[in-house]
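Chains as they are written, first to last, in our numbering: chain L, 23 to 349; chain Y, 43 to 368. No residue lacks a Cβ here, since even glycine has one placed at the ideal position from N, Cα and C. Just so we're clear, the structure is a prediction, and the values are computed from it rather than from any experiment.
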Amino acid sequence: MSEPLLQVRDLKVHFPLRRGIGTPGGVVKAVDGVSFNLQPGRTLALVGESGCGKSTTAYAVVGLERATSGTIRFDGRDITALEGRERAALAQDIQIVFQDPSSALDPKMTIADSICEPLAIAGRSRADRKARVAELLDRVGLPAALAERLPSALSGGQRQRVVIARALALSPRLLVLDEPVSALDVSIRSQVLNLLLELQRDLGLSYLFISHDLSVVRHIADEAMVLYLGTVAEQGPVDAIFERPQHPYTKALLSAIPLPDPRAQRHREKIILSGDLPSPLSPPVGCPFVTRCPERIAVCAEERFPLAAGDTGTEAACVHVGRQLIG
Amino acid sequence: MSERANTMLAIEGLAIEIDGNRIVDGVSLGVETGRILAIVGESGCGKSLTALSVLGLLPGAARVSAGSIRLGGRELTGLSEAELAQVRGNDAAIIFQEPVASLNPLMRVGEQVEEALLLHRGLSHAAAREEAIAIMARVGIPDPARRARQYPFELSGGMCQRIMIASALICRPSLLIADEPTTALDVTIQAQILDLMRRLRDEVGSAIVLITHDMGVVADLADDVCVMYGGRIVESGPVDAIFAAPSHPYTRLLLGTIPKLDGARKTALRTIEGMVPPAGAWPEGCRFRTRCPLADEACEQVPPVVAVGASHRAACWHVDRLEAMA
């Protein structure tokens, strides 16, 4: 296997809470020991429900959150604690696209100026910038005539294309995509997903793709990592995760997505979890999923199991997976 | 649409205008007792306005300009605010997308659940509290007596949605309108709420109108479906027929754009050209024609509503040419 473009080892992002009225203090372990590799030209999806740590993990990669411990390597170089000028220079290689394109664009800047901004910061000449804007608009499938318009004149789908064009301006190698189609209308989503697939194919981009929509994840990602309360429940190739999930949480999550097919949906076995996610302030002592797990046994309340290879090609952190290998 | 004996809600020829623009145009639908009708469509298609108009909850600028809305045979259009207040929470109730924003943050959730009983049934506080706790238990709130004394901020999003559902159901309304009830929730919590709504239909026998943009939720929960585009119903019918034999080009394309869990990965998905036009900027005739691969001159006229199967209708000039879309 080739050298990973992005290598994350035992990443922890903890947020200490200040003691105050209604807050007893403590530490929220938003990300608590996450490791993964992302190969060049591939897509890794981070999936899970709110509070699982998927966005915090991605923000640590782009430097929007500071890692409490662990290492993040990009192209072999340790970028965990980069700051100031060095961190800014990394924008050449790593860019992020957020969920809501309307709030990601300055309403008073023309489309051309928005797309130009990273180029101006990087010190490109005016002529250079102009040529690049035209090229980028074409690349994301927008007419050149939109360059001098304001974001308010564009539809949601067009705005997201502009945000993608801006992220591509410096020719990065890694794009972090944080729910890039969730805010878009259903009929527009497939256009943007197709664009992302096309860009990856043509430019060899790597994607760290965050989504709660598992049918989108299955379509676009090569690998997936299922997070629960800041820890990895299961990770592996997308096919294996979707067809032969090992972790009870992955199974429940998959069974909870309603299929757009009424007959299949009616006859499908549905795992309905009871209860809510535990508070991240006081996660369970043993397995994080123990309070809702339909397959728990006594030991799960006491012990947390590390990821172990199952026999389907995924790794899962569950007492029922791969234990016979370790004994 | 002919009204059957057990039709709870019957809407006929409904038009809603904002500043002279017909945002909802000629919507007719019916929901029977013990059935769930999903109204599905993208933002701006008029699905929420249609739902809000039933309970007289349209935003200030919008008004019903034509049509009739009958609940259990009684005409609701033209009722005074006082008369509508008697209907709301009593005969018909609504739950919204944002449970946390829809609850009063300064009121204990138990009081919010029992409010309708105090208003409509004149129960004593003690009796109302008892019923509130019973219904909270029924919608799956653990330890309801303790929860009843808490404020919305102390509850999770899923719990707040259960509180909304409990307060909507406490007077056993014959009609429940659910406007994107699970859109703001995580999927394992969504599964719980969908399961709860299914039980309500089966056990309480309410007629339910479900507003959603999520075809998976429609497939999971609906008995019947109305697909809206540009303020009109473009297709309606039983859920199996809509999914197995979508008969309006829009429905067909929309279903085709969704990645399938058993489809080929990383391949180009089907797309619908262009974008949803802003309200009021719709083309004459068929409002989908500017994005429709089958469109021709005929589509410049408003399309007829064609029966394509049992209780299955599509508003299209070209239902016989759908194969051409392949």
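Test: L/L347 CB closer than 7 angstroms to a CB of chain Y: Position 325 of the first sequence, counting from 1, holds the residue named residue 347 of chain L. With a pLDDT of 44 at L/L347, under the threshold of 50, the predicted position of this residue should be treated as unreliable, though the coordinate-derived value follows. It does not; no Cβ of chain Y falls within 7 angstroms.
query: Relative to the ligand NAD, is the shortest distance from any of its heavy atoms to the C-beta of Y/A108 smaller than 6 angstroms?
result: In the structure shown, the ligand NAD is absent, as is every other ligand, since no ligand is present at all.
query: Are the C-beta of Y/A261 and some C-beta of chain L separated by less than 7 angstroms?
result: Sequence index remark: in the second sequence, residue 261 of chain Y carries index 219 (1-based). For Y/A261, the answer is yes, since a Cβ of chain L falls inside 7 angstroms of its Cβ.
query: Is Y/R150 helix, strand or coil by DSSP?
result: Translated into the one-based positions of the second sequence, residue 150 of chain Y becomes position 108. Of the three classes helix, strand and coil, the one that applies to Y/R150 here is coil, per DSSP.
query: By a C-beta neighbour count over all protein chains shown, 10 Å radius and 16 as the cutoff for buried, is L/V379 buried or exposed?
result: The shown model of chain L, from 23 to 349, leaves out residue 379 of chain L, and the question about it has no answer.
query: Is the beta carbon of Y/A178 less than 7 angstroms from the beta carbon of Y/A208?
result: On the second sequence, position 136 is the one that residue 178 of chain Y refers to. On the second sequence, position 166 is the one that residue 208 of chain Y refers to. Sequence check: residue 178 of chain Y is Met here, not Ala. Yes, they are a contact pair.
- prompt: Could you give the residue range of the alpha helix (DSSP H) that holds L/P140?
  reply: Within the first sequence, residue 140 of chain L is the residue found at index 118, counting from 1. Note, L/P140: alpha helix (DSSP H), I133 to I143.
field: Contact the region 189 to 202 of chain Y vs the region 144 to 159 of chain Y: 3+ CB pairs below 8 angstroms
entry: yes
task: Determine the direct distance from the alpha carbon of L/A339 to that of L/F327, and round the result to whole angstroms.
output: Here residue 327 of chain L corresponds to residue number 305 of the first sequence, with the count starting at 1. Here residue 339 of chain L corresponds to residue number 317 of the first sequence, with the count starting at 1. So the two alpha carbons sit approximately 5 angstroms from each other.
message: If we define contact as Cβ-Cβ less than 7 angstroms, is L/I143 a contact residue for chain Y?
response: Your numbering for residue 143 of chain L matches position 121 in the first sequence. False, the Cβ-Cβ gap to chain Y never drops below 7 angstroms.
At least 3 beta-carbon pairs within less than 8 angstroms: the region 231 to 242 of chain L vs the region 305 to 324 of chain L: no
- request: Taking only the alpha-carbon atoms, compute the straight-line gap between Y/G182 and Y/L238 and give it to the nearest angstrom.
  value: By one-based count along the second sequence, residue 182 of chain Y stands at place 140. By one-based count along the second sequence, residue 238 of chain Y stands at place 196. Roughly 8 angstroms separates the two Cα atoms.
Euclidean distance between Cα positions of Y/I78 and Y/I53: Along the second sequence, one-based indexing puts residue 78 of chain Y at 36. Along the second sequence, one-based indexing puts residue 53 of chain Y at 11. Each residue's Cα considered, the two are about 15 angstroms apart.
- prompt: With C-beta atoms as the reference, is Y/S289 less than 7 angstroms away from Y/A356?
  reply: Your numbering for residue 289 of chain Y matches position 247 in the second sequence. Your numbering for residue 356 of chain Y matches position 314 in the second sequence. Pairing Y/S289 with Y/A356 gives a Cβ-Cβ distance under 7 angstroms.
field: L/E87 versus L/G73: straight-line alpha-carbon distance, rounded
entry: Reading the first sequence from its first residue, position 65 is the one you call residue 87 of chain L. Reading the first sequence from its first residue, position 51 is the one you call residue 73 of chain L. One C-alpha to the other measures close to 15 angstroms.
- prompt: When Cβ atoms are compared, which residues of the region 73 to 88 of chain Y fall closer than 7 angstroms to chain L?
  reply: E84 and S85
- prompt: If L/L219 and L/I242 are in contact, beta carbons under 8 angstroms, what's the gap, nearest whole angstrom?
  reply: Taking the first sequence and counting its residues from 1, the one referred to as residue 219 of chain L is at position 197. Taking the first sequence and counting its residues from 1, the one referred to as residue 242 of chain L is at position 220. 7 angstroms between Cβ atoms; contact.
query: Hey, does L/N59 have any beta-carbon neighbour from chain Y nearer than 7 angstroms?
result: Against the first sequence, residue 59 of chain L aligns to sequence position 37. Not one chain Y Cβ lies under 7 angstroms of L/N59.
message: Run through chain L and tell me which residues come within less than 9 angstroms of Y/F285, C-beta to C-beta.
response: What you label residue 285 of chain Y is simply residue 243 of the second sequence in a count that begins at 1. By Cβ distance, chain L contributes P282, D283, P284 and R285.
message: Beta-carbon within less than 7 angstroms of Y/G327's beta-carbon, same chain only, minus the 5 sequence neighbours each way: which residues are those?
response: Taking the second sequence and counting its residues from 1, the one referred to as residue 327 of chain Y is at position 285. In the same chain as Y/G327, and ignoring 5 residues on each side of it, the C-beta atoms closer than 7 angstroms to its own belong to C341, E342, Q343 and V344, in chain order.
query: What do you get for Y/P215, buried or exposed, if any count of 16 or more other CB atoms within 10 angstroms of its CB means buried?
result: Reading the second sequence from its first residue, position 173 is the one you call residue 215 of chain Y. That one is buried.
- request: Give the interface partners of L/S204 over in chain Y, defined as CB-CB distance under 9 angstroms, in chain order.
  value: As a working mapping, residue 204 of chain L is identified with position 182 in the first sequence. What L/S204 touches in chain Y: nothing, since even the nearest Cβ is about 10 angstroms away.
- prompt: The beta strand (DSSP E) with L/L28 in it runs from where to where?
  reply: Start at 1 with the first residue of the first sequence, and residue 28 of chain L comes out as number 6. Here the beta strand (DSSP E) through L/L28 covers L28 to L39.
task: Can you say whether L/H289 is buried or exposed, counting buried as having 16 or more other CB atoms within 10 angstroms of its CB?
output: The residue you call residue 289 of chain L lines up with position 267 of the first sequence. With fewer than 16 other Cβ atoms within 10 Å, it is exposed.
query: Taking the runs of the beta strand (DSSP E) that are 3 residues or longer, which of them lie wholly in the region 114 to 192 of chain L?
result: For the region 114 to 192 of chain L, whole beta strand (DSSP E) runs of length 3 or above, ordered along the chain, are 116 to 119.
task: Identify the contact partners of L/L158 in chain Y, using a Cβ-Cβ distance below 7 angstroms as the criterion.
output: Walking along the first sequence from the start, residue 158 of chain L turns up at place 136. Within chain Y, no residue comes near L/L158; the closest Cβ sits about 20 angstroms away, beyond 7 angstroms.
task: Give the residues of chain L in contact with Y/D282, contact being defined as C-beta atoms less than 8 angstroms apart.
output: Here residue 282 of chain Y is taken as the residue at index 240 of the second sequence, counted from 1. Residues of chain L whose Cβ lies closer than 8 angstroms to the Cβ of Y/D282 are, in chain order, P284 and R285.
task: Indicate the three-state DSSP secondary structure (helix, strand or coil) for L/P284 in the structure shown.
output: Within the first sequence, numbered from 1, the residue matching residue 284 of chain L stands at position 262. L/P284 falls in the helix class under three-state DSSP.
task: Within the same chain, show all residues whose beta-carbon is closer than 7 angstroms to that of L/E317, passing over the 5 residues directly before and after it, in chain order.
output: Sequence index remark: in the first sequence, residue 317 of chain L carries index 295 (1-based). Excluding sequence neighbours, L/E317 sits near P270 and H342.
task: Within the region 304 to 343 of chain L, note down every full beta strand (DSSP E) run reaching 3 residues or more, in order along the chain.
output: The qualifying runs do not exist here; there are none.
task: For L/D97, I'd like the list of residues in its chain whose CB is within less than 7 angstroms of its CB, leaving aside the five on either flank, ordered along the chain.
output: Locating residue 97 of chain L in the first sequence gives position 75, counting from the first residue. Excluding positions up to five away in sequence, the list reads L27.
query: Can you list the alpha helix (DSSP H) stretches of 4 or more residues lying completely in the region 63 to 90 of chain Y, in chain order?
result: none
message: Using the three-state DSSP reduction, which class does L/L347 fall into: helix, strand or coil?
response: Residue 347 of chain L sits at position 325 when you count from the first residue of the first sequence. Low local confidence applies: a pLDDT of 44 at L/L347 is under 50, so the model's placement there is unreliable, with the coordinate-based value given in what follows. In the structure shown, L/L347 sits in a helix (DSSP, three-state: H, G or I).
query: Does any C-beta atom of chain Y lie closer than 7 angstroms to the C-beta of L/V248?
result: In the first sequence, the residue the question calls residue 248 of chain L occupies position 226. L/V248 does not count as touching chain Y.
task: Output, in sequence order along the chain, the residues in the region 226 to 256 of chain Y whose CB is closer than 8 angstroms to any CB in chain L.
output: Within the region 226 to 256 of chain Y, the qualifying residues are D228, V229, T230, I231, Q232, A233, Q234, L236, D237, H255 and D256.
Y/G68 to Y/I58 span [Cα, whole Å]: Counting from 1 along the second sequence, the entry for residue 68 of chain Y is found at position 26. Counting from 1 along the second sequence, the entry for residue 58 of chain Y is found at position 16. Going from the Cα of Y/G68 to the Cα of Y/I58 covers about 9 angstroms.
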